[in-house]
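>
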Amino acid sequence: MAFSLLFTAPAFADEARPWSASPAPTAEGETQHWGYIESIGPEHWGELPGASACAQGHSETPIALETRGAIPDTHLAPYFQYRPSHVHMVNNGHTVEFTYDAGSSVRVNGREYTLAQFHFHTPSEHTEDGKRFPLEMHLVHKDSNGGVVVVGVFIKEGEPNRVLDAAFSHLPHDPGAHSDLEHGFINAAALLPREQAYFQYQGSLTTPPCTEGVEWFVMTKPIEMSDAQIAAFQRLPYLNPNSRSLQPLNGRTVYLHTASR
Ligand SMILES: [Zn+2]
Numbered sequence: 124m125a126f127s128l129l130f131t132a133p134a135f136a137d138e139a140r141p142w143s144a145s146p147a148p149t150a151e152g153e154t155q156h157w158g159y160i161e162s163i164g165p166e167h168w169g170e171l172p173g174a175s176a177c178a179q180g181h182s183e184t185p186i187a188l189e190t191r192g193a194i195p196d197t198h199l200a201p202y203f204q205y206r207p208s209h210v211h212m213v214n215n216g217h218t219v220e221f222t223y224d225a226g227s228s229v230r231v232n233g234r235e236y237t238l239a240q241f242h243f244h245t246p247s248e249h250t251e252d253g254k255r256f257p258l259e260m261h262l263v264h265k266d267s268n269g270g271v272v273v274v275g276v277f278i279k280e281g282e283p284n285r286v287l288d289a290a291f292s293h294l295p296h297d298p299g300a301h302s303d304l305e306h307g308f309i310n311a312a313a314l315l316p317r318e319q320a321y322f323q324y325q326g327s328l329t330t331p332p333c334t335e336g337v338e339w340f341v342m343t344k345p346i347e348m349s350d351a352q353i354a355a356f357q358r359l360p361y362l363n364p365n366s367r368s369l370q371p372l373n374g375r376t377v378y379l380h381t382a383s384r
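If you're matching positions, the sequence shown starts at 124 in our numbering and goes up one per residue.
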């Protein structure tokens, strides 16, 4: 069962990790040592213990999302019940993760998934009709049975993002560093694009152990951040790039839910 992996090797999974921080990947020779370039890059992730899906999986993420060829969606739209959270950021050496206070969730197919954290990749991991964005945000939700729902949001260069402004001025710079905004609150609801059209498909974690069985929703409309905000993330050490390459679709169906439906 795919989900058992989530619990046998939690320290590996950015998408699946619970609230506690994993050891920073700075100590040489750590078994958790993986990254995005050269000998620790994605083409070697499958060699990590418990991470064979990274090399041998058939339903992996990210994928090239294409409007043409996506099947009109007939599922119920996810229902977001997000509340404000304190701002707790941790640089885990693979991304900057915003751990989210308890009490926010998304409802998918009658099940409730709790928002655990969101984080960023540069450049975007998915592509949309061949286009790659400078950043992609992943909102990671989990239920009590180990089910994982990830909502992806593309970020394009544009107006400064007010919701993330204070946080992105205080991003934790080095692996292992934390940054908490003492009086800072953030509401992830304000980070979703206004028009909630999305692609939906079955995929995986995009970090080791690349566990499959993850329900993906990727919003078709990007949100905006300023050039300076995007640059604030992109100049953090080790995190540019922090994006896995596109994976084969292998016959999977990609659904497209448009706002008019
Ligand atoms: Zn991610």
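All C-beta atoms, glycine included, are put in the ideal place defined by N, C-alpha and C.
Measure the Cβ-Cβ separation of Gln323 and Tyr378 and say whether it is below 8 Å.
Within the sequence shown, numbered from 1, the residue matching residue 323 stands at position 200. Within the sequence shown, numbered from 1, the residue matching residue 378 stands at position 255. In contact: Gln323 and Tyr378 (Cβ atoms closer than 8 Å).
> Taking Gly253 as the reference, which of Arg191, Asp266, Gly307 has the closest Cα?
To locate residue 253, count along the sequence shown from 1; it is residue 130. Per the Cα distances, Arg191.
> Quick one, are the C-beta atoms of Glu280 and Ile346 less than 8 Å apart?
For this step, residue 280 is matched to residue 157 along the sequence shown. For this step, residue 346 is matched to residue 223 along the sequence shown. No, they are not a contact pair.
> Along the chain, which unbroken stretches of the beta strand (DSSP E) at least 3 residues long are found entirely within the segment 266-338?
Complete beta strand (DSSP E) runs here, min 3: 271-280, 301-309, 321-327.
> Run the proximity test for His156: is its beta-carbon closer than 7 Å to any non-hydrogen atom belonging to ligand 1?
Looking up residue 156 in the sequence shown gives position 33. Flag unset: Cβ of His156 not near ligand 1.
> Do Phe241 and Met260 have their CB atoms nearer than 8 Å?
Against the sequence shown, residue 241 aligns to sequence position 118. Against the sequence shown, residue 260 aligns to sequence position 137. Yes. Within cutoff.
> Count the CB pairs spanning the segment 262-271 and the segment 233-252 that are closer than 8 Å, and state whether there are at least three.
A contact exists between the segment 262-271 and the segment 233-252.
> Quick one: what does DSSP say Pro201 is sitting in, helix, strand or coil?
Here the question's residue 201 lines up with position 78 in the sequence shown. Reduced to three states, the DSSP call for Pro201 is coil.
> Between His261 and ligand 1, is the CB less than 7 Å from at least one heavy atom?
Along the sequence shown, read from residue 1 onward, the residue named residue 261 stands at position 138. Yes, Cβ of His261 sits closer than 7 Å to a heavy atom of ligand 1.
> Let me know if Phe308 comes out buried or exposed under the rule of 16 or more other beta-carbons within 10 Å of its beta-carbon.
Counting from one through the sequence shown, the residue named residue 308 turns up at place 185. It counts as exposed.
> Less than 8 Å between the beta carbons of Trp355 and Tyr205, yes or no?
Looking up residue 355 in the sequence shown gives position 232. Looking up residue 205 in the sequence shown gives position 82. According to the sequence displayed, residue 355 carries Ala and not Trp. Result no, Cβ atoms of Ala355 and Tyr205 do not sit closer than 8 Å.
> By a C-beta neighbour count over all protein chains shown, 10 Å radius and 16 as the cutoff for buried, is Tyr223 buried or exposed?
Residue 223 sits at position 100 when you count from the first residue of the sequence shown. Flag for Tyr223 reads buried.
> Under three-state DSSP, which class holds Ala239?
Stepping through the sequence shown from its first residue, residue 239 is reached at position 116. Three-state DSSP puts Ala239 in a strand.
> Note down, in chain order, each residue of its chain lying with its Cβ closer than 6 Å to the Cβ of Glu220, except the 5 sequence neighbours on either side.
Along the sequence shown, read from residue 1 onward, the residue named residue 220 stands at position 97. If we look at Glu220 and ignore the five residues flanking it on each side, its Cβ neighbours are Val213, Gln240, His242.
> To the nearest angstrom, report how far apart Thr154 and Leu171 are at their CA atoms.
Here residue 154 refers to the residue found at position 31 of the sequence shown. Here residue 171 refers to the residue found at position 48 of the sequence shown. Note that Thr154 scores a pLDDT of 43, beneath 50, so its modelled location is shaky; the value from the coordinates is reported in the next line. Approximately 8 Å, taken between the alpha carbons.
> With DSSP as the reference, identify every bridge partner of Phe340, one or two as the case may be.
Looking up residue 340 in the sequence shown gives position 217. Bridge partners of Phe340: Val274, Gln323.
> Report whether the distance from the Cβ of His242 to the nearest heavy atom of ligand 1 is below 7 Å.
Numbered from 1 along the sequence shown, position 119 holds the residue referred to as residue 242. Yes.
> So is the beta-carbon of Thr250 under 7 Å away from any non-hydrogen atom of ligand 1?
As a first step, residue 250 must be located in the sequence shown, where it is residue number 127. No, the beta carbon of Thr250 sits no closer than 7 Å to any heavy atom of ligand 1.
> Quick one: any contact between the segment 366-381 and the segment 172-189, if contact means 3 or more CB pairs under 8 Å?
Contact holds: three or more Cβ-Cβ distances are below 8 Å.
> Any idea if Ser162 is buried or exposed, counting beta-carbon neighbours within 10 angstroms, 16 or more meaning buried?
As a position in the sequence shown, residue 162 is number 39, starting the count at 1. Ser162 comes out exposed.
> Is Pro201 near Phe340, with beta carbons less than 8 Å apart?
As a first step, residue 201 is located in the sequence shown; it is residue number 78 there, counting from the start. As a first step, residue 340 is located in the sequence shown; it is residue number 217 there, counting from the start. Cβ distance < 8 Å, so Pro201 and Phe340 count as in contact.
> Once you ignore the five residues that flank Met348 on each side, which residues in its own chain have a CB closer than 6 Å to its CB?
Against the sequence shown, residue 348 aligns to sequence position 225. Within the same chain, Met348 has close Cβ partners Ile278, Asn284.
> Taking buried to mean at least 16 other C-beta atoms within 10 Å of its own C-beta, is Glu248 buried or exposed?
Taking the sequence shown and counting its residues from 1, the one referred to as residue 248 is at position 125. Classification for Glu248: buried.
> Would you say the beta carbon of Thr245 comes nearer than 7 Å to a heavy atom of ligand 1?
By one-based count along the sequence shown, residue 245 stands at place 122. Checking the Cβ of Thr245 against ligand 1 gives no.
> What separation, rounded to the nearest whole angstrom, lies between the Cα atoms of Asp196 and Thr343?
Taking the first residue of the sequence shown as 1, we reach residue 196 at position 73. Taking the first residue of the sequence shown as 1, we reach residue 343 at position 220. The straight-line gap from Cα to Cα measures roughly 13 Å.
> Looking at the secondary structure, which residues open and close the alpha helix (DSSP H) in which Ile353 lies?
For this step, residue 353 is matched to residue 230 along the sequence shown. Per DSSP, Ile353 belongs to the alpha helix (DSSP H) from 350-357.
> Between Cys333 and Ala174, how many whole angstroms is the CB-CB distance? I'm expecting something under 8 Å.
In the sequence shown, the residue the question calls residue 333 occupies position 210. In the sequence shown, the residue the question calls residue 174 occupies position 51. Correct: roughly 6 Å between the Cβ atoms.
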